[in-house]
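Working notes, structure below.
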Amino acid sequence: MNEVEKNPNKYNGETLNVENKGGDRKLYIESYGCQMNFSDSEIVASILSKEGFSTTTILEEADLVLVNTCSIREKAEQTVRKRLETFNAVKSKKPDMKVGVLGCMAERLKHQFLEEEKIVDMVVGPDAYKDLPSLVGKVDEGREAVNVILSKEETYGDIAPVRLGSNGVTAFVSITRGCDNMCTFCVVPFTRGRERSRDPESILKEVNDLWDTGFKEITLLGQNVDSYLWYGGGLKKDFEKASKMQKATAVNFADLLTLVAEAQPNMRIRFSTSNPQDMTLDVIEVMAKYDNICKYIHLPVQSGSDRILKKMNRLHTREEYMRLIDNIRSIIPDCGISQDMIAGFPTETEEDHQDTLSLMEYVKYDFGFMFAYSERPGTLAGRKFEDDIPEEVKKRRLNEIIQMQQKHALYRTQSHVGKTEEVLIEGDSKKSDQHWMGRNSQNTVVVFEKEHYQIGDYVNVKIEDCTSATLLGKAVEYGAHQS
Ligand code: SAH
Ligand code: F3S
3 MNEVEKNPNK YNGETLNVEN KGGDRKLYIE SYGCQMNFSD SEIVASILSK EGFSTTTILE
63 EADLVLVNTC SIREKAEQTV RKRLETFNAV KSKKPDMKVG VLGCMAERLK HQFLEEEKIV
123 DMVVGPDAYK DLPSLVGKVD EGREAVNVIL SKEETYGDIA PVRLGSNGVT AFVSITRGCD
183 NMCTFCVVPF TRGRERSRDP ESILKEVNDL WDTGFKEITL LGQNVDSYLW YGGGLKKDFE
243 KASKMQKATA VNFADLLTLV AEAQPNMRIR FSTSNPQDMT LDVIEVMAKY DNICKYIHLP
303 VQSGSDRILK KMNRLHTREE YMRLIDNIRS IIPDCGISQD MIAGFPTETE EDHQDTLSLM
363 EYVKYDFGFM FAYSERPGTL AGRKFEDDIP EEVKKRRLNE IIQMQQKHAL YRTQSHVGKT
423 EEVLIEGDSK KSDQHWMGRN SQNTVVVFEK EHYQIGDYVN VKIEDCTSAT LLGKAVEYGA
483 HQS
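Numbering of the sequence shown is given in this note's numbering, commencing with residue 3 and proceeding in unit increments.
See the structure below:
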């Protein structure tokens, strides 16, 4: 999943805590981190709406303030701590206001927030949101409210999310929770627990409901979507113990994509995140087969060095990753591909770093999400490997990676110029209310004059110019998926 850290509350330019009228108590909810957190906040808002909470964007007006937190890097946690200071300053003038921490930091720090730091009233981990009504009850009575129990089954498949701050066009649908991969740098397996998949029927129902209420694009979310596997419930790791019947009727990610693509032929389908070690040719072929599945793959690699990949416990080599890229390009020649990269993992040498740059040169990614290594307590790297790359070296390497990514992004956007591409309109362009902003299949932002087109329309746009991040064009006619 892509990070949304620098723009709390914003994703793709949308404000996520807009008002949703309903009850008489006011909930203010802010989300940090990955798309999954933003999606989880919609589940939280749904659960609390049944308890009489309506959402507000005005902090001072809130009875309950919740912050859905991210632990992926130290900086993400610092950002949340600063916000908690602000919340507590408001609370000091409004003592009835309650403050709760949700998500990965809640799971990682558990009781520490309440007992040592005393800066919040409630601590709720990512698998405990159904307990919120009772936790809120405890807080109301002035009691301690903590639930950080991780679950082997919870997928929130039965909760219809309240779409917060929605543009009415694009929505997230979560399909798996947790992660079993144990990359040595990553805190997610500890904060989000074991991997489990959601019942395909509940996924299809959510997708159909979204279509019926006017949505045109969904992104299927999971830490590792390629590893989706439904065999009637249970953990992914227990599949071997499933019955013959369960094995014969199991639904994998390629099957799920097929089901969703066929259920709504005019709905755009995206997914995130793919893991190179689990992505199969079947998935790539299903993508090629259905024209409503967007031709875009977020395929984090983290490093181009075999030695570092091994130390990260990424279960593929540089060569295998390059062959996967070759397969994608031969089956889907116009596929957009993006990366996540970590600079300065323990023991990384200049040679390892050059391997990363040369891999980037080979792939020429359309987009990238690039980070300096941040040691996370409790992870294998945090426990066993010294964080030995000096900050200035990490920064310099990260900058070189970012520079190269910008060069490749421009190379990719230039390749769209002169083509006519189907764009789904998401809203006003950031710079002008006379222009629409949408995306092409490859997930690149396209800006063009509004003319008579409306938000949510599919429009064929002739691409005339570009920057490294944006395509500029002119609408030609409605697109093939306009219904
Ligand atoms: N599979 C997940 C990964 C979540 S973390 C997904 O859905 O994308 C997102 C990205 O953060 C990772 O791909 C990695 O590049 C980065 N990251 C994770 N842990 C990190 C750490 N300790 N330091 C720096 N970057 C990290
Ligand atoms: Fe983290 Fe690796 Fe899973 S990056 S979320 S442990 S695939």
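Just so you know, even glycine gets a beta-carbon here, dropped at the ideal spot from N, CA and C. Fair warning: this is a prediction, and the values are worked out from it, not measured in the lab.
Beta strand (DSSP E) segment containing residue i, residue limits
i, result
"Ala-477", "472 to 480"
"Ser-176", "172 to 176"
"Asn-462", "460 to 468"
"Ser-33", "27 to 33"
Boundaries of the alpha helix (DSSP H) in which residue i is found, first to last residue
i, result
"Tyr-158", "Taken as a continuous stretch (DSSP letters only), Tyr-158 belongs to no alpha helix (DSSP H), as it is neither H nor E."
"Val-425", "From DSSP, Val-425 is part of no alpha helix (DSSP H) but of the beta strand (DSSP E) over 422 to 430."
"Phe-347", "Neither: Phe-347 is in no alpha helix (DSSP H) and is coded neither H nor E."
"Arg-196", "Neither: Arg-196 is in no alpha helix (DSSP H) and is coded neither H nor E."
"Leu-382", "382 to 386"
"Phe-255", "255 to 265"
"Glu-62", "Careful: Glu-62 lies outside any alpha helix (DSSP H) and carries neither H nor E."
"Ser-417", "Ser-417 -> no alpha helix (DSSP H), and no H or E assigned at all."
"Arg-325", "320 to 333"
"Arg-309", "308 to 313"
DSSP state of residue i mapped onto helix, strand, coil
i, result
"His-410", "helix"
"Tyr-367", "coil"
"Asp-354", "helix"
"Phe-40", "helix"
"Ser-51", "helix"
"Ile-271", "strand"
"Asn-442", "coil"
"Ile-295", "strand"
"Phe-450", "strand"
"Phe-241", "helix"
"Arg-179", "strand"
"Met-372", "strand"
"Ser-340", "strand"
"Gln-248", "helix"
"Ser-360", "helix"
"Gln-436", "coil"
"Gln-405", "helix"
"Tyr-455", "coil"
"Lys-23", "Confidence at Lys-23 is low in this model, with a pLDDT of 47, below 50, so its placement is unreliable and the value that follows should be read with caution. Of the three classes helix, strand and coil, the one that applies to Lys-23 here is coil, per DSSP."
"Met-3", "coil"
Contact check, residue i vs residue j, beta carbons under 8 Å
i, j, result
"Phe-217", "Leu-231", "no"
"Asn-169", "Glu-428", "yes"
"Ile-286", "Asn-329", "yes"
"Asn-445", "Glu-424", "no"
"Thr-57", "Ile-74", "no"
"Cys-185", "Arg-316", "yes"
"Leu-223", "Ala-173", "no"
"Val-190", "Leu-426", "no"
"Val-164", "Ile-205", "no"
"Ser-274", "Gln-37", "yes"
"Ser-43", "Ser-33", "yes"
"Leu-61", "Leu-29", "no"
"Val-461", "Lys-476", "no"
"Thr-71", "Ala-108", "yes"
"Phe-255", "Asp-228", "yes"
"Ile-339", "Ile-327", "yes"
"Tyr-367", "Gln-341", "yes"
"Pro-278", "Val-303", "yes"
"His-113", "Val-141", "no"
"Ile-404", "Pro-348", "no"
"Gly-35", "Ala-64", "no"
Any non-hydrogen atom of ligand 4 within 7 Å of residue i CB
i, result
"Val-365", "This structure does not include ligand 4; its bound ligands are ligand 1 and ligand 2."
Any chain D beta carbon closer than 8 Å to residue i
i, result
"Gly-481", "This model lacks chain D altogether; it includes just one protein chain."
- Message: Whether or not the segment 92 to 111 and the segment 119 to 127 are in contact is what I'm after, with contact meaning three or more pairs of Cβ atoms, one per stretch, closer than 8 Å; do they touch?
- Response: Taking 8 Å as the limit for Cβ pairs, the verdict is that the segment 92 to 111 does touch the segment 119 to 127.
- For the segment 66 to 150, which segments carrying the alpha helix (DSSP H) assignment without a break, of at least 4 residues, lie completely within its bounds, in sequence order? 76 to 95, 106 to 111, 114 to 117 and 134 to 142
- Task: Pair every Cβ in the segment 81 to 95 with every Cβ in the segment 188 to 202, then say whether three or more of these pairs are closer than 8 Å.
- Result: Proximity of the segment 81 to 95 to the segment 188 to 202 falls short of the contact definition, fewer than three beta-carbon pairs being nearer than 8 Å.
- Task: Let me know the alpha helix (DSSP H) ranges lying completely inside the segment 189 to 238, each 4 residues or longer, listed in chain order.
- Result: 190 to 194 and 202 to 214
- Query: Should the segment 428 to 439 be called in touch with the segment 368 to 388, which here means at least 3 C-beta pairs below 8 Å?
  - Reply: no
- Is there contact here, the segment 390 to 403 with the segment 354 to 367, by at least three beta-carbon pairs under 8 Å? yes
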